[in-house]
Structure formats: structure tokens, C-alpha cells
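Numbering (UniProt numbering), first residue to last: 1 to 224.
Note that CB positions come from ideal geometry on N, CA and C, so glycine has one too.
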């Protein structure tokens, strides 16, 4: 007999194979429980799972996340993509730490394609310099959302190349969540990234950002 701990739910799938194709035959929702009433504690490498509808209890091998890339079981390709996801999420969250985690120490950010918009855009070298630039001009200065889509990523050993389309919306600080303010600047950008593995993390070594199109008021981007 076990008590259920609702803090962690897991779904397991029963697979069936037809020829060279594997299909999902049934999915079952389990609840991770950590409070045995009358049974001995499970081995350290096992989780105790309860099926809520039948109260059946199972032992399930615990994933050793300490030995997995990003401590989350990601494939190399997923972990490389996650570097770019961390990069754009850091812009929206205004997080220096998350931004730094996405870059190598010798990171290069190439913004020169924005010169065609009349910007004094250039390449910035070094993680500290890039993070400070991004946070000062975007992350802590504006209300934004950055959505990376159409991701193509090729991994070769400890390096990867990635391209992505990024929809980037910008409002003045404090105005993004209010319907009263409709002054914005929207970008449809193209990312091209060189990504490398550093220990358990994949990080961006070089990122080139080019605008495909823009919409709205460019004055929104003038901060400081």
C-alpha cells in the first residue's frame, strides 16, 4: 500500500511494432510515490510508481540524469538546439545568467546584416560583451517575445550548425502587457549559428542574425 505524491506524474506508453514502424498502442498515466506505508523502501536506482485507476504499484528504473547531456536526457541535436532556445528565452526574461549559459567564452555575435536598416550594427566579440549588449539593449530594456521556428540543425561530433527563423516582438518597457499601447517593432529574423559542446552543455560559438522583414515603429528600439 502506497500513498500518492501528486507532485510528479509520469506517462508511459505501450508500444507495438508493425513491420519497421513502431506505434503507440496505449498510454497510461502513473503517479510517482515516495511514501510506502507497509513495504520496504525501493532500491536507490528505482522509482515507485502507482497507477491511479487500479492502484497497481510498479518499480521503474530511475534515469541517471547526472550522466546525461544538460542533465535532462537530451540528444546531442536537442542539446544543441537548446543553446539557441536559452539564448532567446534569456532575452525575454532579462536573464544575464541564462544568456551567458548559451554562449562560449569567445562568442561572436554578428549583427552587421542590420546595417541595411540604417543601423550602426557590428560584430561583438566575447561572452561578457555580448551578454551586456543584449541585456542593456533588449533583455532589461524592452518587453519582448522571441519565438524560434523552422529549426534545422546538423550535428557532427562536438559541433553543430543551426539555422532558424525567429519572430521577435518588441514593446517599450512596461507597455507590452497593456492593450493601451500599440506602439511596437516586430522583426522576422534569420539565425545562423555555430554551436559546440562544452562539457555537458552545448553553447553558441558564433551567431549571425539577419532581418528578413520588419513591421512597426523602429523608434521603439531606441533605449538608454
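For residue i, three-class secondary structure by DSSP
i, result
"residue 117", "helix"
"residue 65", "Bear in mind that a pLDDT of 36 at residue 65, under 50, signals an unreliable position, so the model cannot answer this."
Close beta carbons around residue i, own chain, < 6 Å, minus the five adjacent residues each side
i, result
"residue 110", "123 and 208"
"residue 163", "152 and 192"
"residue 186", "169, 215 and 216"
Range covered by the alpha helix (DSSP H) that runs through residue i
i, result
"residue 90", "76–93"
"residue 131", "127–134"
"residue 101", "96–101"
Beta bridge counterpart(s) of residue i as assigned by DSSP
i, result
"residue 187", "168 and 214"
"residue 219", "Bridge partners of residue 219: none, in fact."
"residue 206", "108 and 194"
"residue 152", "163"
"residue 147", "167"
"residue 123", "110"
Boundaries (first-last residue) of the beta strand (DSSP E) holding residue i
i, result
"residue 141", "Segment: none, residue 141 is in no beta strand (DSSP E) and carries neither H nor E."
Span separating the alpha-carbon of residue i from that of residue j
i, j, result
"residue 118", "residue 73", "44 Å"
"residue 199", "residue 79", "12 Å"
"residue 224", "residue 189", "23 Å"
"residue 87", "residue 94", "11 Å"
"residue 217", "residue 132", "24 Å"
"residue 76", "residue 113", "29 Å"
"residue 210", "residue 179", "29 Å"
"residue 177", "residue 170", "11 Å"
"residue 184", "residue 172", "7 Å"
"residue 96", "residue 141", "13 Å"
"residue 225", "residue 116", "The question about residue 225 has no answer, for the chain in this structure spans 1 to 224."
"residue 160", "residue 154", "5 Å"
"residue 222", "residue 156", "40 Å"
"residue 219", "residue 121", "16 Å"
"residue 174", "residue 136", "15 Å"
"residue 130", "residue 206", "11 Å"
"residue 89", "residue 125", "21 Å"
"residue 146", "residue 107", "20 Å"
"residue 148", "residue 85", "7 Å"
"residue 212", "residue 197", "29 Å"
Proximal residues to residue i (C-beta, below 7 Å), its chain only, five neighbours per side dropped
i, result
"residue 134", "91 and 99"
"residue 105", "127"
"residue 83", "102, 195, 202, 203 and 204"
"residue 138", "91 and 144"
"residue 150", "164 and 165"
"residue 158", "196 and 197"
Cβ of residue i within 8 Å of any chain C Cβ
i, result
"residue 143", "No chain C is present in this structure, which holds just one protein chain."
Beta-carbon contacts of residue i that lie in its chain and below 8 Å, excluding the five residues immediately before and after
i, result
"residue 81", "151, 153 and 162"
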